[in-house]
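**Student:**
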């Protein structure tokens, strides 16, 4: 019986398939401590708090039939583009929302699963790119591993959406590299377009921006870099220019395809959020120290997480590249340029401590809008990857020692130099203990010394193996395997202890979200810092946010501007009074006169969704209806089916005139930015689809595909448009009943408040103006403390003769109440307190007190104040 012939090609293909499969599942082993559905641990801080909850909010609206244009209650009301971390346009979010169990509390698990899987796919893309650069399997694996798995990846995962910027950046670099080496007719262009779209829609704008900086950098140097890496792949300037034009066009199409995300983000979020887009140049921009930045190469546990990129100790050879000149190694200009970019980015993450960042701040667009300086570290792993790839691919040089000449590969020389420098640096760090940056893993995790030592030892062992690793050695395979193991172990230790962790929390189910929406339309989770609409922040500096979703106002006062409205509101403002810009004075007098003796009125919410609200009204006289959502010009109104004008009232309300008797008023949110964004995305989708079909297909199949693509594009647009106002009724329970004005008047109503320092703008629901908004219901106010930054100060605007002060809330300790005429000299007043939480607490003066300012603070930590009222007579 004849022996079957050995099929080398089949063996080779099966081997590669096995390697690819192992790389894809590798992150589930490396990140074993946070594997979804198996472990109880996850990345801590922002990951469970912001991206997943924002995603649930957006996809809840989608699941109930309405594409969300507006996010009710998010930072007191905002365009849905403010929930950018929710990634409504990214494949990961959309796939997760369709998986079984997502709406049963497993949203966190499925997001984590897909993100970990994306890391494996990203490493595979880099691995195959490095193989095309003619690196062997060992070097392709360890370099791609160090590029993907590092502290920058962990820090990106902590923000959720920024991980997609990190992986999108690496994937796009790898795909452009593939395309440059082996241009394809349509697969390469389509891949570049698709991954560009995913990078744009990653959901974290600053990280996306820096990711594109890294891609542009790679694109600029790639033709000249490949000329050094692949001798038979040479480029001249004209061929490089042709390559740049083609890839630039593909990337532009990817950006245009993402118009559905970019245009609303720009016009409804970035332009409307002054706190987010520019906080001004500050001495502390979250930067690392010089030693902390260098620690990324030597001991990542001692580098700041906000600016980190450290991982395998092998990355040190990229930093030490200039030492090759000692041995006469000729370093190409393109490699020097990349090394210079590495040094530039390291200096950049030192922030205002060097002129590098200040220069970028002053002369480069968008830099002041990008927040922490360390975010630029997203491009460092890519630069290091390219440097390391050149180093391990460089030809051996002849080194003469004691009269003996031998050829040694540059990577072995640098490995030996690193073995000398690393211990010396670590001893220096241990003995001198220089200043480090914020939030080092060493500090936040209290890492045991033996863990840090083990990380260093495995890193040094990987350098030893690098020095002895030689493809001509008999122990070539053994040393290569050992090198991979050492790098994996050190990287695994860094992944395990390099970030905050916490026990997983259950995510809300669909039914729980639905029940929450029945109670209130407000955003149910903690809002992201610095994403407040400038309209809201400006209004809160003058007044309060209306505590009622919708109500009837019977006294209309015309004003010419928002500024005039605020002035009059501080002078004299009654709960039934609305100050309306652009209202005809005669109309105002007519409505005020007709409603003067009104006794009854009712508002009931009969339809609710993210973009549309419908109220049934009953008013005994013509009046004005006020919707408390911030006035931005996006809300349109219909009364009994007829379009009516929407005014700005009380500085921020959406106000519309209503007739006497029963009526239906409907508000719809409309956005030109969303309209044009969706339209451009659909048109670009059709254009790309038609082009690819024309290039890749022929005959009848080409015609069918073109027709299907046109129908899909047009159908997608129409489906989006028709979903805006036709979704399920969320059945939110809301009713407001009109009550006539009472006497005496509460003169504290709507007055300016201050003195309360919020821990973050995310806590705007605790704004001090809540204490004078007329809402005495439990939980409607704010907690007060014993410190001077947790007090309530009410400015009555002028000196008033007052008879009584009334406090509503959870008052279980004696409050300290002070009065003042000038805000400088304070007099503490006595209050009767019986030791219970009974509300309200009334303080009645025997004689009238002349007061302008009133201050309330807690004598002990426990005091929750819902409302403060002040009366001239009681």
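Numbering (our numbering), first residue to last: 1208 to 2081. C-beta: ideal position from N, C-alpha, C; glycine also.
#1: Suppose the cutoff is 6 Å on Cβ atoms and the five residues either side in sequence are ignored; what does the same chain contact list for residue 1233 look like?
#2: Output yes or no for whether 8 Å exceeds the beta carbon distance between residue 1666 and residue 1676.
#3: Which two residues bound the contiguous beta strand (DSSP E) that contains residue 1806?
#4: Do you know how far the Cα of residue 2016 is from the Cα of residue 2067?
#5: Could you check what DSSP says for residue 1322 in three-state terms: helix, strand or coil?
#6: Can you give me the start and stop residues for the alpha helix (DSSP H) that residue 2004 sits inside?
#7: Have a look at residue 1517 and residue 1623 and give me their C-alpha separation to the nearest angstrom.
#8: Between the alpha carbons of residue 1542 and residue 1429, how many angstroms are there, rounded?
#9: Indicate the three-state DSSP secondary structure (helix, strand or coil) for residue 1704 in the structure shown.
#10: Quick one: does residue 1969 have its CB under 8 Å from some CB of chain B?
#11: So, residue 1739 versus residue 1480, is the Cβ gap smaller than 8 Å?
#12: Tell me the DSSP secondary structure of residue 1602 in three-state form.
#13: Could you have a look at residue 1746 and say whether DSSP puts it in helix, strand or coil?
#14: According to DSSP, simplified to helix, strand and coil, what is residue 1935?
#15: Based on DSSP bridge pairs, tell me the residues matched to residue 1307.
#16: Tell me which residues share the same chain as residue 1855 and place their Cβ nearer than 6 Å to its Cβ, disregarding the 5 neighbours each side in the sequence.
#17: Cβ of residue 1899 within 7 Å of any heavy atom in the ligand SAH?
#18: Buried or exposed: residue 1710, going by 16 or more other Cβ atoms within 10 Å of its Cβ?
#19: Run through DSSP, which three-state label would residue 1667 get?
#20: Which residue marks the beginning of the alpha helix (DSSP H) containing residue 1777, and which one marks its end?
#21: With DSSP as the reference, label residue 1431 as helix, strand or coil.
#22: Below 8 Å on the Cβ atoms is my guess for residue 1809 versus residue 1944; work out the distance and round it to an integer in Å.
#23: Closer than 6 Å by C-beta to residue 1226: which residues in its own chain qualify, once you throw out the five before and the five after it? Chain order, please.
#24: Whose CA, out of 1496, 1442, 1539 and 1420, lies closest to the CA of residue 1573?
#25: Report the rounded CA-to-CA distance for residue 1790 versus residue 1292, giving the unit in angstroms.
#26: Among the residues of its own chain, which have a CB less than 6 Å from the CB of residue 1502, if the five just before and after it don't count?
#27: For the beta strand (DSSP E) containing residue 1854, list its first residue and its last residue.
#28: Going by alpha carbons, who is nearest to residue 1302 out of 1317, 1441 and 1289?
#29: Is the Cβ-Cβ distance between residue 1523 and residue 1590 less than 8 Å?
#30: For residue 1262, which of helix, strand or coil comes out of DSSP?
#31: For the beta strand (DSSP E) holding residue 1876, just list the boundary residues, first then last.
#32: Which stretch, first to last residue, makes up the beta strand (DSSP E) that contains residue 2061?
#33: Assuming residue 1828 and residue 1794 make a contact with CB atoms under 8 Å, what is their CB distance in whole Å?
#34: Measure the Cβ-Cβ separation of residue 2026 and residue 2036 and say whether it is below 8 Å.
#35: Cα-Cα, which of 1938, 1715, 1707 and 1846 is closest to residue 1813?
#36: Taking 8 Å as the cut-off, does the stretch 2071-2081 touch the stretch 1968-1984 (at least 3 CB pairs, one atom from each stretch)?
**Tutor:** Per the coordinate set shown:
#1: 1327
#2: no
#3: First-last for residue 1806: undefined, no H or E at that position.
#4: 15 Å
#5: helix
#6: Residue 2004 -> not in any alpha helix (DSSP H); beta strand (DSSP E) instead, spanning 1997-2017.
#7: 20 Å
#8: 11 Å
#9: helix
#10: Among the chains of the structure shown, chain B does not appear; only one protein chain is present.
#11: yes
#12: coil
#13: helix
#14: coil
#15: Per DSSP, none; premise fails for residue 1307.
#16: 1788 and 1838
#17: No copy of the ligand SAH appears in this structure; indeed no ligand is present at all.
#18: exposed
#19: helix
#20: 1769-1778
#21: helix
#22: 6 Å
#23: none
#24: 1420
#25: 40 Å
#26: 1509 and 1510
#27: 1854-1856
#28: 1317
#29: no
#30: helix
#31: 1868-1876
#32: 2048-2065
#33: Between residue 1794 and residue 1828 the Cβ distance is about 13 Å, and since that is not below 8 Å, they are no contact.
#34: yes
#35: 1938
#36: yes
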